[in-house]
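Shown next, in structure tokens, is the structure this report addresses.
In structure tokens, the structure reads:
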């Protein structure tokens, strides 16, 4: 029993070390913090003014003025969540630090836990800033979504983690030449996620794809809360189940890439 | 080859028939050796001889194609998480995060190695390795010599029982190189640590090493103490021995170098 407790304490200490390492980097650089909030805030402001422009002539926006702003903020939970995982990993590659990490007692799952923790921190900072500006500029609070906001947040960030881990694995396998994937990967699923429109407007074949993407259930669920004032548990559960599969696949791909790197001697050589 | 693994029943590092192949290239071809507790052993060889590949396999960052490794009595890489907290590694080719200060880097690695009271341990090492003047400067702003000392501090954080060193004094001026060697010798004397180092500096090998393992094209071609090798090859220094072996100037079957110096190798 005491052995198990010591092992857990050791793991927590190593995960904390990774968080500490990235927190040192992040918190001592105000441009880094600003850049985390910059994109979510700018896109939120743009969609805020679209709402202001369309609201007088649009019933949907009259009934639910936060439809676009809420959507853009939630979309950024996914994007920041994914970037947080990928960029935390890339940072180790940029600094040629992977070799030192992999010869330390750090386990692969602890590395993953550290990446996910940093992703959560980056997402909260990035989206927190945009939420503050949404309140200041448009008097819109994402918290008006109520308790369902937690369900949407969890599903989106977990989907972001799954994509982020898969991207980290691909970059570990193919090097920093594949880094662009980190910025582009999420946008592949944007059209079928129904961020700003219902899935029903998509052609039938794209709807089929959308039903395999967890984010489509989240945004349908968000519209149900805003327009119909109901929380669709069925959509939440479907997103959750799909996310479990996606996360398992993301972790699996990442672990396979680590194994490949170990077999091919890439861990001591990785870097810019 | 002498000394054989059987000669060291209490070896801290035991390697048997270690092999590593990458598609068509066999980088390490059945290497076997043992390193005795509390000694320093050099892994020598020209570029591409298999030194770094062997060290990487010992560290668990490269999976062997075949063969066995035991470090501190535990099989690697199967029991890597029992072994890694007790060993450490330094190489000029692996960096620490450049934007973190020296103190921040060392505190992070102290936690990763499960060091109790990380701040106190970092403070101790700062004094021992004379890091105090630049402890709060970003690692990326340091000179090569300062970075090497910081890397060594990182390697000593967990008071390792085994230290693997990949060219620990590469690119250092003679003064800093000498200080590094003195630090390593001091640590070994104090702790009884076992050290395995890959080096191209033959003066360093003669000064620090109890045993030498010579690699060529992924094969151990000779091993012994520096004194024994000097005698066997009839040379005045290890650099000449290195050149004899690297340039295949010795016929291992007949024991004579091309220029007639060596008496022959013991196989």
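Protein chains in written order, with this note's numbering: chain A, -4 to 267; chain B, 6 to 272.
Heads up, the beta-carbon is just placed ideally off N, CA and C, and yes, glycines get one too.
The structure presented is a predicted model; accordingly, all values stated were derived computationally and were not measured.
Residues of the region 6 to 25 of chain A with a C-beta atom less than 7 Å from some C-beta of chain B are 8, 9, 11, 12, 15, 16, 19, 20, listed in chain order.
The beta carbons of residue 215 of chain B and residue 44 of chain B sit closer together than 8 Å.
Rounded to whole angstroms, residue 77 of chain B and residue 26 of chain B show a C-alpha spacing of 26 Å.
Taken in chain order, the unbroken stretches of alpha helix (DSSP H) that lie wholly in the region 175 to 244 of chain A and span 4 residues or more are 176 to 179, 185 to 188, 199 to 205, 209 to 218. A residue is called buried once 16 or more other Cβ atoms fall within 10 Å of its Cβ, and residue 148 of chain A is buried on that count. At a cut-off of 8 Å between C-beta atoms, residue 79 of chain A does not count as an interface residue with respect to chain B. In the three-state scheme derived from DSSP, where H, G and I count as helix and E and B as strand, residue 91 of chain A is classed as coil.
For residue 219 of chain B, no alpha helix (DSSP H) encloses it; the enclosing beta strand (DSSP E) starts and ends at 216 to 221. DSSP places residue 27 of chain B in the uninterrupted beta strand (DSSP E) bounded by 18 to 27. With contact defined as three or more Cβ pairs closer than 8 Å, the region 106 to 123 of chain A and the region 165 to 179 of chain A are not in contact. The continuous beta strand (DSSP E) containing residue 49 of chain B extends over residues 45 to 49.
Taking the C-beta atoms as reference points, residue 112 of chain B is found no nearer than 8 Å to residue 145 of chain B. Linking residue 174 of chain B to residue 71 of chain A through their CA atoms gives a straight-line distance of about 48 Å. Going by DSSP, residue 37 of chain B is part of the beta strand (DSSP E) stretching over 30 to 40. Using a Cβ-Cβ distance cut-off of 8 Å, the region 76 to 92 of chain A and the region 144 to 164 of chain A are in contact, since at least three pairs of beta carbons, one from each stretch, lie closer than that value.
Among the residues facing chain B, residue 98 of chain A is included, as its CB has a counterpart in that chain under 8 Å away.
Counting C-beta atoms within 10 angstroms of its own C-beta, residue 114 of chain B has 16 or more neighbours from the protein chains shown and is therefore classed as buried. Short of 7 Å from the beta carbon of residue 34 of chain B, and not among the five residues preceding or following it, lie these beta carbons of its own chain, in chain order: 24, 223, 224. Here residue 187 of chain B is not near residue 42 of chain B, since their CB atoms are 8 Å or more apart. Closest by C-alpha distance to residue 63 of chain A, out of A:137, A:12, A:234, A:202, is A:137.
Note on residue 66 of chain A: 16 or more other CB atoms within 10 angstroms of its CB, so buried under the neighbour-count rule. The three-state reading of DSSP puts residue 124 of chain B in helix, counting H, G and I together.
Under the Cβ criterion of 8 Å, residue 175 of chain A is not counted among the residues facing chain B.
Per DSSP, reduced to three states, the secondary structure at residue 232 of chain B is helical. With its beta carbon at least 8 Å from every one in chain A, residue 199 of chain B lies outside the interface. In this structure the region 235 to 244 of chain A touches the region 204 to 212 of chain A; the number of beta carbon pairs closer than 8 Å is three or more.
DSSP, reduced to helix, strand and coil, places residue 72 of chain B within a strand of the structure shown.
The contact set of residue 68 of chain B on chain A, defined by CB atoms closer than 7 Å, consists of 257, 258 in chain order. In the pairwise beta carbon analysis, the region 86 to 94 of chain B is classified as touching the region 162 to 180 of chain B: at least three pairs are separated by under 8 Å. C-alpha of residue 57 of chain B to C-alpha of residue 84 of chain A: approximately 24 Å in a straight line. Counting only residues of its own chain and dropping the five nearest sequence neighbours on each side, residue 241 of chain B has a CB closer than 8 Å to the CB of 235. Across the structure, residue 230 of chain A and residue 145 of chain A are spaced so that their CA atoms are roughly 14 Å apart. If you draw a straight line from the Cα of residue 260 of chain A to the Cα of residue 100 of chain A, it comes to about 18 Å. Among the CB atoms of chain A, none fall inside 8 Å of the CB of residue 34 of chain B. Taking 7 Å as the upper bound on Cβ-Cβ separation, chain B lies near residues 91, 92, 94, 95, 97, 98, 99, 100, 101, 102 of the region 91 to 122 of chain A. The shortest C-alpha to C-alpha distance from residue 210 of chain B to any of B:190, B:226, B:196 is the one to B:190.
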